């Protein structure tokens, strides 16, 4: 079968590899139909993801059809459409015992530490599969995984109806977080970005206010919009140099600042901005068994992922897809690789 492998940073190759076979553990064989390109995939391609190992078949937003099941499988049958959980965990370390397998001490993420979904077939445990909503195409269903990341971020932030929420970054991740944050009915949702087009889309999708960080003073404007107090939740979905300090400066006293980036370059921060306001600074990584939560929200009509994909490429044209993504064309929202 064919697969897309990052051999080393900036070296993407379409390779031949053995088609997997099911066994007692990996007892469901899935034919991949679509897989998304995430910012972390781009980071692995460019050697900017500190968690990744090489060479690696990347891709962690993957959906497909069940084409074979083992004798011990009870939940799925051939023909079921499924999405695959990217997180694998040991189940017994401190984090796992505390119900946080997404930060397992022996965490292995498909597409990061072990081979992922940019290949024609995957064999995975039945427990890592979730049935897709009938209402979603394969391509739109790719967005379930980014939405689980958003659910995790809002869970870590403990968003409540009395909060003023600020989301830095109105790209694919920030937009997904906006979809979920609005379900909590906070007082305000403030989106921050440098692109007016993305900000206008944010207003159409539930943001109450927007700040263009290229032309406005983000800290001053954030306090102005919250009657001088500052947002009580700030989620950094952009994760560029300086964004963490900006998030901490914007946050009001007793607020929560959620970090989601994997950058390793040094950045400016000081303890005063955190201690003086007694901020809770919390990381949010991956997702913690949130797939069924998102699928239920879709089936209940509370989340609409249709029409989320802006560009499509055949998976063997992955190089073209990544090159196009690197242009930062303003029309890019979500790029998906298709396998048909």
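In the numbering used here, the protein residues as written are 5 to 344. From the three backbone atoms N, C-alpha and C, an ideal C-beta is built for every residue, glycine too. Just so it is clear, the structure is predicted and the values come from calculations on it, not from any experiment.
Continuous alpha helix (DSSP H) stretch holding residue i: start and end
{"i": "residue 96", "result": "Element bounds for residue 96: n/a, residue is neither H nor E."}
{"i": "residue 144", "result": "142 to 145"}
{"i": "residue 297", "result": "295 to 303"}
{"i": "residue 49", "result": "43 to 49"}
{"i": "residue 341", "result": "It is not in any alpha helix (DSSP H) - residue 341 instead sits in the beta strand (DSSP E) that spans 339 to 342."}
{"i": "residue 374", "result": "Examination of residue 374 is not possible in this model, given that the chain is present from 5 through 344 alone."}
{"i": "residue 227", "result": "222 to 229"}
{"i": "residue 133", "result": "Element bounds for residue 133: not the alpha helix (DSSP H) but the beta strand (DSSP E), 133 to 135."}
{"i": "residue 183", "result": "176 to 185"}
Through-space distance from residue j to residue i, alpha-carbon basis
{"i": "residue 145", "j": "residue 276", "result": "43 Å"}
{"i": "residue 289", "j": "residue 153", "result": "8 Å"}
{"i": "residue 207", "j": "residue 214", "result": "7 Å"}
{"i": "residue 325", "j": "residue 200", "result": "24 Å"}
{"i": "residue 122", "j": "residue 49", "result": "13 Å"}
{"i": "residue 124", "j": "residue 317", "result": "15 Å"}
{"i": "residue 18", "j": "residue 274", "result": "45 Å"}
{"i": "residue 299", "j": "residue 117", "result": "26 Å"}
{"i": "residue 269", "j": "residue 138", "result": "43 Å"}
{"i": "residue 203", "j": "residue 174", "result": "7 Å"}
{"i": "residue 301", "j": "residue 161", "result": "19 Å"}
{"i": "residue 104", "j": "residue 308", "result": "27 Å"}
{"i": "residue 70", "j": "residue 304", "result": "24 Å"}
{"i": "residue 81", "j": "residue 130", "result": "10 Å"}
CB-CB length for residue i against residue j, believed under 8 Å
{"i": "residue 263", "j": "residue 240", "result": "5 Å"}
{"i": "residue 186", "j": "residue 166", "result": "That pair is no contact at about 15 Å."}
{"i": "residue 84", "j": "residue 135", "result": "6 Å"}
{"i": "residue 184", "j": "residue 87", "result": "That belief does not hold up - the Cβ atoms of residue 184 and residue 87 are roughly 17 Å apart, past 8 Å."}
{"i": "residue 20", "j": "residue 9", "result": "Their Cβ separation, rounded to whole angstroms, is 10 Å, which puts residue 20 and residue 9 out of contact at 8 Å."}
{"i": "residue 51", "j": "residue 13", "result": "3 Å"}
{"i": "residue 329", "j": "residue 339", "result": "6 Å"}
Beta strand (DSSP E) segment containing residue i, residue limits
{"i": "residue 72", "result": "66 to 73"}
{"i": "residue 6", "result": "6 to 12"}
{"i": "residue 17", "result": "15 to 20"}
{"i": "residue 197", "result": "192 to 197"}
{"i": "residue 148", "result": "No beta strand (DSSP E) holds residue 148; the alpha helix (DSSP H) holding it covers 148 to 161."}
{"i": "residue 287", "result": "284 to 287"}
{"i": "residue 263", "result": "260 to 263"}
Cβ-based neighbour list, residue i, same chain, cut-off 6 Å, excluding 5 preceding and 5 following
{"i": "residue 68", "result": "34, 35, 36, 37"}
{"i": "residue 74", "result": "26, 31"}
{"i": "residue 198", "result": "217, 218"}
{"i": "residue 178", "result": "171, 241"}
{"i": "residue 293", "result": "none"}
{"i": "residue 127", "result": "24, 26, 30, 33"}
{"i": "residue 64", "result": "90, 114, 115, 120"}
Bridge-paired residues (DSSP) for residue i
{"i": "residue 35", "result": "69, 125"}
{"i": "residue 120", "result": "In DSSP, residue 120 forms no bridge with anything."}
{"i": "residue 345", "result": "Residue 345 lies beyond the stretch modelled for the chain, which goes from 5 to 344, so this question has no answer here."}
{"i": "residue 169", "result": "193, 237"}
Heavy atom of the ligand FMN within 6 Å of residue i beta-carbon
{"i": "residue 313", "result": "This structure does not include the ligand FMN; it has no bound ligands of any sort."}
Close Cβ partners of residue i (< 7 Å) along its chain, the five nearest in sequence each way excluded
{"i": "residue 182", "result": "171, 193, 195, 206, 209, 210, 211"}
{"i": "residue 47", "result": "53, 266"}
{"i": "residue 295", "result": "87, 89, 134, 148, 152"}
{"i": "residue 287", "result": "263"}
Proximal residues to residue i (C-beta, below 8 Å), its chain only, five neighbours per side dropped
{"i": "residue 259", "result": "234, 235, 236, 237, 238, 281, 283, 284"}
{"i": "residue 254", "result": "170, 222, 223, 226, 227, 234, 235, 238"}
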